[in-house]
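In our numbering, the protein residues as written are 8 to 180.
Glycine included, C-beta positions come from ideal geometry on N, C-alpha and C.
One structure below.
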Ligand SMILES: N[C@@H](CCC(=O)N[C@@H](CS)C(=O)NCC(=O)O)C(=O)O
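In structure tokens form, the structure reads like this:
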């Protein structure tokens, strides 16, 4: 990913990247937004509902994901540092605080702003990262929200395709 060919697609040498004809994009949010603009069912037609869906996309990436990424870094890149044990509870508390706020907002609704949108798609994929830590299960409505997102046929197809790409095995029917 740090070779010139990939750096031409992604200035930071990361994944994901997306190519479509002459267009090359990087950044998950920009890629999802681009796809959502071209396909029905991901962004509402109503201008205000659309703006709210986009707001949730930003919220997932800017307000929820950073603390979750901090935990990933704290565990996997800084786990061997002498201060790591002391820092971890602070990082986990920051996630808990955010998820608590999100859980209150979601309440018993199925999706963040009535109908499913790219905002939910983004939020579910960000929240998925908290599953292994067990934090998600502390918020049953968020755990159920993520399960709803994962149960969507489109998610299942995308997951199977990605798994097949990662393992080199064709997706099962
Ligand atoms: N803000 C970027 C973050 C991309 C990112 O962190 N990618 C990770 C994999 S999930 C990566 O490529 N890490 C390898 C590296 O940074 O060298 C996005 O959402 O696309």
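One thing to note: residue 148 has its Cβ within 7 Å of the Cβ of residue 110.
Secondary structure at residue 27: strand, using DSSP grouped into helix, strand and coil.
In this structure, the beta-carbon distance from residue 71 to residue 105 falls below 7 Å. Cβ neighbours of residue 142 within its own chain (closer than 7 Å, five residues either side excluded): 99, 102, 103, 106.
Taking the Cβ of residue 34 as the reference point, at least one heavy atom of ligand 1 falls within a distance shorter than 6 Å. For residue 33, the three-state secondary structure derived from DSSP is strand.
The beta carbon of residue 25 sits closer than 6 Å to those of 32, 38, all from its chain and outside the five residues before and after it, given in chain order.
The nearest non-hydrogen atom of ligand 1 is 6 Å or more from the C-beta of residue 80.
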